[in-house]
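A.B. asks: Heads up: the sequence lines are chains A, B, C and D, in that order.
Using the numbering used here, you'd call the opening residue of the first sequence number 3 and step up by one each time.
Using the numbering used here, you'd call the opening residue of the second sequence number 3 and step up by one each time.
Using the numbering used here, you'd call the opening residue of the third sequence number 3 and step up by one each time.
Using the numbering used here, you'd call the opening residue of the fourth sequence number 3 and step up by one each time.
If you scroll down you'll find the structure; I have some questions about it.
There are 4 protein chains.
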Amino acid sequence: MRTFRTKVRVLYADTDMMGIVYHANYLRWFESARTELLRSIGIIYANLEMRGYYLPVTESYCHYHSPALYDEVLAVEAYISRVRRASMRINYRITREQSDTIITEGFTVHAFTERNGTIVRIPDDILEIILQNNEEERHGGQKKR
Amino acid sequence: MRTFRTKVRVLYADTDMMGIVYHANYLRWFESARTELLRSIGIIYANLEMRGYYLPVTESYCHYHSPALYDEVLAVEAYISRVRRASMRINYRITREQSDTIITEGFTVHAFTERNGTIVRIPDDILEIILQNNEEERHGGQKKR
Amino acid sequence: MRTFRTKVRVLYADTDMMGIVYHANYLRWFESARTELLRSIGIIYANLEMRGYYLPVTESYCHYHSPALYDEVLAVEAYISRVRRASMRINYRITREQSDTIITEGFTVHAFTERNGTIVRIPDDILEIILQNNEEERHGGQKKR
Amino acid sequence: MRTFRTKVRVLYADTDMMGIVYHANYLRWFESARTELLRSIGIIYANLEMRGYYLPVTESYCHYHSPALYDEVLAVEAYISRVRRASMRINYRITREQSDTIITEGFTVHAFTERNGTIVRIPDDILEIILQNNEEERHGGQKKR
Chain A
3 MRTFRTKVRV
13 LYADTDMMGI
23 VYHANYLRWF
33 ESARTELLRS
43 IGIIYANLEM
53 RGYYLPVTES
63 YCHYHSPALY
73 DEVLAVEAYI
83 SRVRRASMRI
93 NYRITREQSD
103 TIITEGFTVH
113 AFTERNGTIV
123 RIPDDILEII
133 LQNNEEERHG
143 GQKKR
Chain B
3 MRTFRTKVRV
13 LYADTDMMGI
23 VYHANYLRWF
33 ESARTELLRS
43 IGIIYANLEM
53 RGYYLPVTES
63 YCHYHSPALY
73 DEVLAVEAYI
83 SRVRRASMRI
93 NYRITREQSD
103 TIITEGFTVH
113 AFTERNGTIV
123 RIPDDILEII
133 LQNNEEERHG
143 GQKKR
Chain C
3 MRTFRTKVRV
13 LYADTDMMGI
23 VYHANYLRWF
33 ESARTELLRS
43 IGIIYANLEM
53 RGYYLPVTES
63 YCHYHSPALY
73 DEVLAVEAYI
83 SRVRRASMRI
93 NYRITREQSD
103 TIITEGFTVH
113 AFTERNGTIV
123 RIPDDILEII
133 LQNNEEERHG
143 GQKKR
Chain D
3 MRTFRTKVRV
13 LYADTDMMGI
23 VYHANYLRWF
33 ESARTELLRS
43 IGIIYANLEM
53 RGYYLPVTES
63 YCHYHSPALY
73 DEVLAVEAYI
83 SRVRRASMRI
93 NYRITREQSD
103 TIITEGFTVH
113 AFTERNGTIV
123 RIPDDILEII
133 LQNNEEERHG
143 GQKKR
């Protein structure tokens, strides 16, 4: 699956008194990378909501390998790691941009729901975009060998 | 006007790498004290929204006198300091609970609006509660002298 | 193991445009419950840091069962679910206070480290408090049967 | 004074249940613009701290003109609006990027302190950079007329 990569700079707002990024704040960067990943393949989440579809987070997991420090530039990578009938999982990897040190790895699982929370199947056009992207990536990978 | 007082304990989540509470986080405690102040005089903000009234913040101000530290217990005081036809201002004072050291003082101004943002007059029953409370407090204050 | 229970009220600050608590914000309440759980058995985290010990989060996991809404009162439960030589895991369960509906379940894993991040064994007095508490709870549990 | 302009995209994390950016979250973007403004004239805040200087926020003010919505791209402008012996004030203006609608205006005041909080005069080299920048801007402005 296509991996999307974005950059963030650590703000004072992100740090805690240990002098490192507070663990919950990585989930914000996961969100940012997730939204841009979807945008990069043509899925604008705001438009999904306008069509009545929502993607609430049903699970989140983070493994904190190494602390990120104030003013560091981090690379945040995201890719869709699993697609089911009514949910998908996105994986993330945050590294220190200059050294590739792994800072955090994790995932979020998202249900497809209607406004009222009812779980629904992923709409066909969205599913097609996701699967097609996955396919292309696989073919792209084969060509390289 | 009646002053409402609530307590909060500083979490790691509230601190930054200077080892003190990050300045923006005081606004969260202002919100908590504001909601409880209103509840204490019989105005439940969630019910206001169900009736179609909203109180978006139009101004906020904070003066940071002294830093608050991790795990300290703070007292947060709030009182309605001004009422207009379609807005009100609430003032706040955060002190270290044990020593009464002033940590932060500030205010927020709130417009009364409908869901779509149109500014409306404060509904009569709400205005009455606010003014009556103000009055009682003044009389109470006079009696004490 | 002893379960500690605390209450929180959902603020506007905690919600997102879906009208529910933003998923990352539960980790803040996990922290609050964790700190009070430790305090309840005699371990004041701020004092641990003064002695040179730190408990950075190395893993976090949340399963979001049901959304929490604005102004709801939530019960946050925490208990130590695993103790190793140099780490411990704490589990959490957040329920709607009035109905016991499960909102969120999850855990955090914490390493014991020095200021510079070096992993160290849990100091004996701390380990003793944790194990003793665990033991008492087990005996208490057996008696009940 | 030179105005620095940066862009941000509104995340779900920034919104509240009113469907707009929660008022306290603008201060985070003020911080981001302030740091980049200083970096653009050669002052890296992280380096100031390494030299023992800190710039805690002593006052903050926001006027919320118009709500910012999810997924909108905002322009955040910052400029140094006042310099004193031991403090400086920075002003901010956030607009909707596409339409120039003003979203928020505000300022923060910062003291120059040592690690322990003692207020100190702005170091000469830093003051020189700030004043020189101010001067250049003024001359640049005159030339344009």
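Built from N, CA and C at the ideal position, the CB exists for glycine as well.
Quick one, are the C-beta atoms of A:Tyr14 and D:Glu33 less than 7 Å apart?
C.D. replies: Residue numbering aside, residue 14 of chain A sits at position 12 when the first sequence is read from its first letter. Residue numbering aside, residue 33 of chain D sits at position 31 when the fourth sequence is read from its first letter. In this structure, D:Glu33 lies closer than 7 Å to A:Tyr14 by Cβ.
A.B. asks: Looking at the secondary structure, which residues open and close the beta strand (DSSP E) in which D:Ala80 lies?
C.D. replies: Reading the fourth sequence from its first residue, position 78 is the one you call residue 80 of chain D. D:Ala80 -> beta strand (DSSP E) spans 75-85.
A.B. asks: Could you confirm whether any beta carbon from chain F is found closer than 7 Å to the beta carbon of A:Tyr56?
C.D. replies: Chain labels in this structure do not include chain F; the protein chains are A, B, C and D.
A.B. asks: From B:Gly21, B:Ile96, B:Glu79, pick the residue whose C-alpha is nearest to that of B:Thr106; which is it?
C.D. replies: For the purposes of this step, residue 106 of chain B is identified with residue 104 of the second sequence, where counting begins at 1. The shortest C-alpha separation from B:Thr106 is found at B:Ile96.
A.B. asks: Which residues, in chain order, does the region 32-49 of chain A contribute to contact with chain D at a C-beta distance below 8 Å?
C.D. replies: Within the region 32-49 of chain A, the residues whose Cβ lies closer than 8 Å to some Cβ of chain D are Glu33, Ser34, Thr37, Ile46, Tyr47, Ala48, listed in chain order.
A.B. asks: Determine the direct distance from the alpha carbon of B:Tyr28 to that of B:Arg117, and round the result to whole angstroms.
C.D. replies: Working through the second sequence from its first residue, we reach residue 117 of chain B at position 115. Working through the second sequence from its first residue, we reach residue 28 of chain B at position 26. Cα to Cα, B:Arg117 sits roughly 27 Å from B:Tyr28.
A.B. asks: Can you name the residues of chain D whose CB is closer than 8 Å to the CB of C:Asp18?
C.D. replies: Position 16 of the third sequence, counted from the start, is the residue given in the question as residue 18 of chain C. Correct list: Tyr14, Ala15, Thr17, Asp18, Met19.
A.B. asks: Could you work out which residues of chain D lie near B:Tyr72, taking near to mean beta carbons separated by less than 7 Å?
C.D. replies: Here residue 72 of chain B corresponds to residue number 70 of the second sequence, with the count starting at 1. Near B:Tyr72 there are no residues of chain D at all, since even the closest Cβ is about 16 Å away, more than 7 Å.
A.B. asks: Closest Cβ-Cβ distance between D:Tyr28 and chain C: below 7 Å?
C.D. replies: Locating residue 28 of chain D in the fourth sequence gives position 26, where the first residue counts as 1. No, because no Cβ of chain C sits closer than 7 Å to the Cβ of D:Tyr28.
A.B. asks: Would C:Tyr24 count as contacting chain D if we go by Cβ distances under 7 Å?
C.D. replies: As a first step, residue 24 of chain C must be located in the third sequence, where it is residue number 22. C:Tyr24 counts as touching chain D.
A.B. asks: Ordered along the chain, which non-local residues of its own chain (more than five positions away) have a Cβ less than 8 Å from that of B:Ala26?
C.D. replies: Residue 26 of chain B sits at position 24 when you count from the first residue of the second sequence. None.
A.B. asks: If you compare alpha carbons, which of B:Gln100, B:Tyr72, B:Phe114, B:Asp73 is closest to B:Val85?
C.D. replies: Residue numbering aside, residue 85 of chain B sits at position 83 when the second sequence is read from its first letter. Looking at the Cα atoms, B:Phe114 is the closest of the given residues.
A.B. asks: Tell me the start and end of each unbroken alpha helix (DSSP H) in the region 5-43 of chain B that is at least 4 residues and wholly inside, in chain order.
C.D. replies: Segments of the alpha helix (DSSP H) lying fully in the region 5-43 of chain B: 28-42.
A.B. asks: Let's test the definition: count the other Cβ atoms within 10 Å of the Cβ of C:Ala80 and tell me whether it reaches 16, buried, or not, exposed.
C.D. replies: The residue given as residue 80 of chain C occupies position 78 in the third sequence. Buried.
A.B. asks: Taking the C-alpha atoms as reference points, what is the distance between D:Trp31 and D:Ser89?
C.D. replies: Here residue 31 of chain D refers to the residue found at position 29 of the fourth sequence. Here residue 89 of chain D refers to the residue found at position 87 of the fourth sequence. Answer to the nearest angstrom: the Cα atoms are 21 Å apart.
A.B. asks: Using a Cβ cut-off of 7 Å, pull out every chain D residue sitting near B:Val59, in sequence order please.
C.D. replies: Against the second sequence, residue 59 of chain B aligns to sequence position 57. The contacting residues are His25, Tyr66.
A.B. asks: Can you list, in chain order, the residues of its chain whose CB lies under 8 Å from that of C:Leu76, leaving out five sequence neighbours each side?
C.D. replies: Locating residue 76 of chain C in the third sequence gives position 74, counting from the first residue. Here the set comprises Lys9, Val10, Arg11, Val12, Trp31, Ala70, Ile96, Thr97, Arg98, Glu99, Ile105.
A.B. asks: Which residue from B:Met20, B:Arg53, B:Asp16 puts its Cα closest to that of B:Asp127?
C.D. replies: Locating residue 127 of chain B in the second sequence gives position 125, counting from the first residue. Among B:Met20, B:Arg53, B:Asp16, the Cα nearest to that of B:Asp127 is on B:Arg53.
A.B. asks: A:Tyr72 to A:Thr17, Cα distance in whole Å?
C.D. replies: Residue numbering aside, residue 72 of chain A sits at position 70 when the first sequence is read from its first letter. Residue numbering aside, residue 17 of chain A sits at position 15 when the first sequence is read from its first letter. When rounded, the distance between both Cα atoms is 7 Å.
A.B. asks: Could you tell me which chain C residues have their CB closer than 9 Å to the CB of A:Ser89, listed as they occur along the chain?
C.D. replies: Within the first sequence, numbered from 1, the residue matching residue 89 of chain A stands at position 87. Residues of chain C passing the Cβ test: none, with the nearest at roughly 12 Å.
A.B. asks: Can the beta-carbon of C:Tyr94 be found less than 7 Å from the beta-carbon of A:Thr60?
C.D. replies: Mapped onto the third sequence, residue 94 of chain C falls at position 92. Mapped onto the first sequence, residue 60 of chain A falls at position 58. Cβ distance not < 7 Å, so C:Tyr94 and A:Thr60 don't count as in contact.
A.B. asks: Hey, does B:Ser62 have any beta-carbon neighbour from chain D nearer than 7 Å?
C.D. replies: Counting from one through the second sequence, the residue named residue 62 of chain B turns up at place 60. B:Ser62 counts as touching chain D.
A.B. asks: Would A:Leu39 and A:Phe6 be called neighbours here (beta carbons separated by less than 7 Å)?
C.D. replies: Here residue 39 of chain A refers to the residue found at position 37 when the first sequence is read from its first residue. Here residue 6 of chain A refers to the residue found at position 4 when the first sequence is read from its first residue. The answer is yes: Cβ separation under 7 Å.
A.B. asks: Roughly how many angstroms lie between the CA atoms of B:Ile82 and A:Gly108, to the nearest whole one?
C.D. replies: Counting from 1 along the second sequence, the entry for residue 82 of chain B is found at position 80. Counting from 1 along the first sequence, the entry for residue 108 of chain A is found at position 106. Answer to the nearest angstrom: the Cα atoms are 45 Å apart.
A.B. asks: Short check: CB of D:Met20 to CB of C:Gly21, under 7 Å?
C.D. replies: Within the fourth sequence, numbered from 1, the residue matching residue 20 of chain D stands at position 18. Within the third sequence, numbered from 1, the residue matching residue 21 of chain C stands at position 19. No, the pair does not count as a contact, with Cβ atoms beyond the cut-off.
A.B. asks: Shortest alpha-carbon distance to B:Val122 belongs to which of B:Gln134, B:Thr103, B:Tyr55?
C.D. replies: Reading the second sequence from its first residue, position 120 is the one you call residue 122 of chain B. Closest option to B:Val122, Cα to Cα, is B:Tyr55.
A.B. asks: With a threshold of 16 other CB atoms inside 10 Å of the CB of C:Ile46, please say whether the residue is buried or exposed.
C.D. replies: Stepping through the third sequence from its first residue, residue 46 of chain C is reached at position 44. Per the 10 Å Cβ criterion, exposed.
A.B. asks: Can you tell which of A:Ala35, A:Glu137, A:Asp102, A:Ala48 has its C-alpha closest to the C-alpha of A:Thr110?
C.D. replies: Sequence index remark: in the first sequence, residue 110 of chain A carries index 108 (1-based). Comparing Cα positions, the closest option is A:Ala35.
A.B. asks: Using the three-state DSSP reduction, which class does D:Glu137 fall into: helix, strand or coil?
C.D. replies: If you number the fourth sequence from 1, residue 137 of chain D lands on position 135. Of the three classes helix, strand and coil, the one that applies to D:Glu137 here is helix, per DSSP.
A.B. asks: Please list, in chain order, all residues of the same chain as A:Lys146 whose beta carbon is under 8 Å from its beta carbon, the five residues on each side excluded.
C.D. replies: As a position in the first sequence, residue 146 of chain A is number 144, starting the count at 1. Because the pLDDT of A:Lys146 is 40, which lies under 50, any placement of that residue in the model is unreliable, and the question is left without a value.
A.B. asks: Straight-line CA distance for C:Pro58 to C:Pro125?
C.D. replies: Position 56 of the third sequence, counted from the start, is the residue given in the question as residue 58 of chain C. Position 123 of the third sequence, counted from the start, is the residue given in the question as residue 125 of chain C. Each residue's alpha carbon lies about 16 Å from the other.
A.B. asks: Under the three-state reduction of DSSP, which class applies to A:Thr60: helix, strand or coil?
C.D. replies: Along the first sequence, read from residue 1 onward, the residue named residue 60 of chain A stands at position 58. Strand.
A.B. asks: How far does the beta strand (DSSP E) with A:Tyr55 in it reach, from first residue to last?
C.D. replies: Taking the first residue of the first sequence as position 1, residue 55 of chain A is located at position 53. Where A:Tyr55 is concerned, there is no enclosing beta strand (DSSP E), given that its DSSP letter is neither H nor E.
A.B. asks: According to the neighbour-count rule (16 or more other Cβ atoms, all chains shown, within 10 Å of its Cβ), is D:Thr37 buried or exposed?
C.D. replies: Numbered from 1 along the fourth sequence, position 35 holds the residue referred to as residue 37 of chain D. D:Thr37 comes out buried.
A.B. asks: Rounded to the nearest angstrom, what separates A:Ala48 and C:Leu133 at their Cα positions?
C.D. replies: Translated into positions along the first sequence, residue 48 of chain A becomes position 46. Translated into positions along the third sequence, residue 133 of chain C becomes position 131. Approximately 50 Å, taken between the alpha carbons.
A.B. asks: Under a three-way DSSP split, which group does A:Glu107 fall into?
C.D. replies: Working through the first sequence from its first residue, we reach residue 107 of chain A at position 105. A:Glu107 falls in the strand class under three-state DSSP.
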